[in-house]
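Novice: Protein chains in written order, with my numbering: chain A, 1 to 114; chain B, 115 to 226.
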Amino acid sequence: QKEVEQDPGPLSVPEGAIVSLNCTYSNSAFQYFMWYRQYSRKGPELLMYTYSSGNKEDGRFTAQVDKSSKYISLFIRDSQPSDSATYLCAMSRGPAGTASKLTFGTGTRLQVTL
Amino acid sequence: DGGITQSPKYLFRKEGQNVTLSCEQNLNHDAMYWYRQDPGQGLRLIYYSQIVNDFQKGDIAEGYSVSREKKESFPLTVTSAQKNPTAFYLCASSMRDLNGYTFGSGTRLTVV
């Protein structure tokens, strides 16, 4: 079993829809949780970075972490065609810049249609 | 603008040859990382370095080597010992904080 599980999709939604992307994990030591967006043939770009459980909102994006269920989510409101990309969840025991390894999900491919 | 520059964008290598991928950052980040991305497998850590002149193996270091002689630079050499080198290689950097990791735009290596 992988440490981080993520549905690969593809997930296709109409423009303006609310998108829910999810990851589950098995390692209870994970404390730092991230969501990255990756366009085709590009490097991932950080969307959200949260510590421990709770919610974090940034514009149309909301990240939720439920450590009791080992479940994290990214919600995208009013989805746009420019949101079409692969979304990667990632998590670690320690903060960025330490020896703590970042473990990634396999990514969910999202397609927002007109 | 601050960022991470990876070069070249595309690289072709013959079997049995070593090849070096470049990664340069001007973000003044202490830590740098190399990941490999394969379809359906997510990103896997090859090597990482927290300070100059020091680096550690990641999960899949066999067949790879790195150096960290300068804070800004963390080149990755893919040696002939790497049995399946065709992949998308990503370099990243970070500070010890909650600003996460910054990735370069990647190098796609193809063995021909």
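Backbone N, C-alpha and C fix where the C-beta goes; we use that ideal spot for every residue, glycine too. The structure presented is a predicted model; accordingly, all values stated were derived computationally and were not measured.
Determine which residues of the region 165-186 of chain B have a Cβ less than 9 Å from any Cβ of chain A, and write them out in chain order.
Specialist: Cβ contacts with chain A: 170, 172 and 173.
Novice: For residue 199(B), count neighbouring Cβ atoms within 10 angstroms of its own Cβ and tell me buried if that reaches 16, exposed if not.
Specialist: By the neighbour-count rule (16 or more Cβ atoms within 10 Å), residue 199(B) is buried.
Novice: Taking the alpha-carbon positions, what's the residue 7(A) to residue 206(B) distance?
Specialist: Residue 7(A) and residue 206(B): Cα-Cα distance of roughly 24 Å.
Novice: Report the option in 219(B), 192(B), 225(B) and 210(B) whose CA atom is closest to the CA atom of residue 133(B).
Specialist: The shortest Cα separation from residue 133(B) among 219(B), 192(B), 225(B) and 210(B) belongs to 192(B).
Novice: Between 71(A), 52(A), 67(A) and 79(A), which has its C-alpha nearest residue 61(A)'s C-alpha?
Specialist: It is 79(A).
Novice: Can you tell me which of the three DSSP states residue 83(A) falls into?
Specialist: Correct three-state label for residue 83(A): helix.
Novice: How would you list, in chain order, the residues of chain A whose beta-carbon sits under 7 Å from the beta-carbon of residue 127(B)?
Specialist: Result: empty, since nearest Cβ-Cβ is about 19 Å, beyond 7 Å.
Novice: Identify the continuous beta strand (DSSP E) that holds residue 102(A) and give its terminal residues.
Specialist: That residue, residue 102(A), is in no beta strand (DSSP E); it is neither H nor E in DSSP.
Novice: Go through the region 29-86 of chain A residue by residue and report every complete run of the beta strand (DSSP E) that reaches 3 residues or more, in order.
Specialist: The region 29-86 of chain A contains these whole beta strand (DSSP E) runs: 32-38, 45-51, 54-58, 61-66 and 71-76.
Novice: Please list, in chain order, the chain A residues whose beta carbon lies closer than 8 Å to that of residue 145(B).
Specialist: Correct list: 96, 97 and 98.
Novice: Please determine if the region 8-23 of chain A and the region 65-83 of chain A are in contact, where contact requires at least 3 C-beta pairs separated by less than 8 Å.
Specialist: Yes, the region 8-23 of chain A touches the region 65-83 of chain A.
Novice: Can you tell me whether residue 204(B) sits near the ligand PLP, meaning its C-beta is under 7 Å from at least one heavy atom of the ligand?
Specialist: With respect to small molecules bound, the structure shown includes none, and the ligand PLP cannot be examined in it.
Novice: Name the residue from 150(B), 187(B) and 215(B) whose alpha carbon lies nearest to the alpha carbon of residue 136(B).
Specialist: The candidate whose alpha carbon is nearest that of residue 136(B) is 187(B).
Novice: Here's a check: name, in chain order, each residue in its chain whose Cβ is nearer than 8 Å to the Cβ of residue 167(B), leaving out the five neighbours to either side.
Specialist: Cβ within range, chain order: 182 and 183.
Novice: Nearest to residue 196(B) by alpha carbon, out of 179(B), 208(B), 147(B) and 169(B)?
Specialist: With distances taken between Cα atoms, residue 196(B) lies closest to 179(B).
Novice: Are residue 67(A) and residue 52(A) touching if we call contact CB-CB under 8 Å?
Specialist: Cβ distance < 8 Å, so residue 67(A) and residue 52(A) count as in contact.
Novice: Using 10 angstroms around the beta-carbon of residue 126(B), count the other beta-carbons present and answer buried if the total reaches 16, otherwise exposed.
Specialist: So residue 126(B) counts as exposed.
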